[in-house]
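In this note's numbering, the protein residues as written are 14 to 245.
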């Protein structure tokens, strides 16, 4: 950070009848969340401010926090809407629930990925989580479409579950690997300004890393348990 002294008009600002000094700054090459985290650590863990003084964060950070709460509401609404659409599509509670479990578990992988990389959960990361819901759900529907096609070929439900995984493994793996490789430069923050999109890339990659086992293994097992499908 670079600090410089500048002259200006003498001014005394007040907030709720208390003297207030506004300190502004510009962030370059970093996201707001990690920058504010470092500022809080510096101000809370040192004696920079006397006992009768306190600080309050505002500006773009305050607007981001308001948007963050709104994004959480959108996130919950997206989950509910996807579940209702799955119920309408398959007219079967077991299939809708089995499909919804996959993106929920993928979100847990997102939290773990952000924690391992030391990235805070901010708006950019939340956008990645919302995208993971759609991506994993789409791949799950891709699997179930093959499953229902195999049922029309006189396969038993148990055989169709296994064969659908075999048939869909290759295209799912290819698209997943391609997406991860495409997002890798952003996740590694290569290039100027890429650090701002790093949480988005890390969130999506973390979800994609567990997408294949979730869709090919976990989801069919759960659907088999819910539908009580037994081996032929």
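In this text, a Cβ means the ideal position worked out from N, Cα and C, and glycines have one as well.
No experiment lies behind these values; they were computed from the predicted model shown.
> Opposite residue 33 in the DSSP bridges: which residues?
Replying inline: 26
> Assuming residue 119 and residue 223 make a contact with CB atoms under 8 Å, what is their CB distance in whole Å?
Replying inline: 6 Å
> Between residue 212 and residue 150, is the Cβ-Cβ spacing less than 7 Å?
Replying inline: no
> Under 7 Å, do residue 176 and residue 163 count as touching if we go by C-beta distance?
Replying inline: yes
> Do the stretch 59 to 76 and the stretch 35 to 49 touch if we need at least three Cβ pairs shorter than 8 Å?
Replying inline: Judged by pairs of C-beta atoms under 8 Å, the stretch 59 to 76 touches the stretch 35 to 49, as three or more such pairs exist.
>> Looking only at its chain, what residues have a beta carbon closer than 6 Å to the beta carbon of residue 214, apart from the 5 residues adjacent to it on each side?
In response: 196, 199 and 200
>> For residue 226 and residue 133, I'd like the C-alpha separation in whole angstroms.
In response: 26 Å
> For residue 164, does the three-state DSSP call read helix, strand or coil?
Replying inline: helix
>> Between which residues of its own chain and residue 186 is the CB-CB distance below 8 Å, once the five residues before and five after are set aside?
In response: 225
> Distance, Cα to Cα, residue 179 vs residue 144?
Replying inline: 26 Å
> Which residues in the same chain have their Cβ closer than 8 Å to the Cβ of residue 210, if we skip the five residues on either side of it in sequence?
Replying inline: 137 and 199
> Is it buried or exposed for residue 66, if we count other Cβ within 10 angstroms and need 16 for buried?
Replying inline: Under this definition residue 66 is an exposed residue.
> In its own chain, which residues sit with a C-beta less than 7 Å from the C-beta of residue 116, not counting the 5 before and 5 after it?
Replying inline: 145, 146, 149 and 150
> If you run the structure through DSSP and keep just helix, strand and coil, what is residue 123?
Replying inline: Residue 123 falls in the helix class under three-state DSSP.
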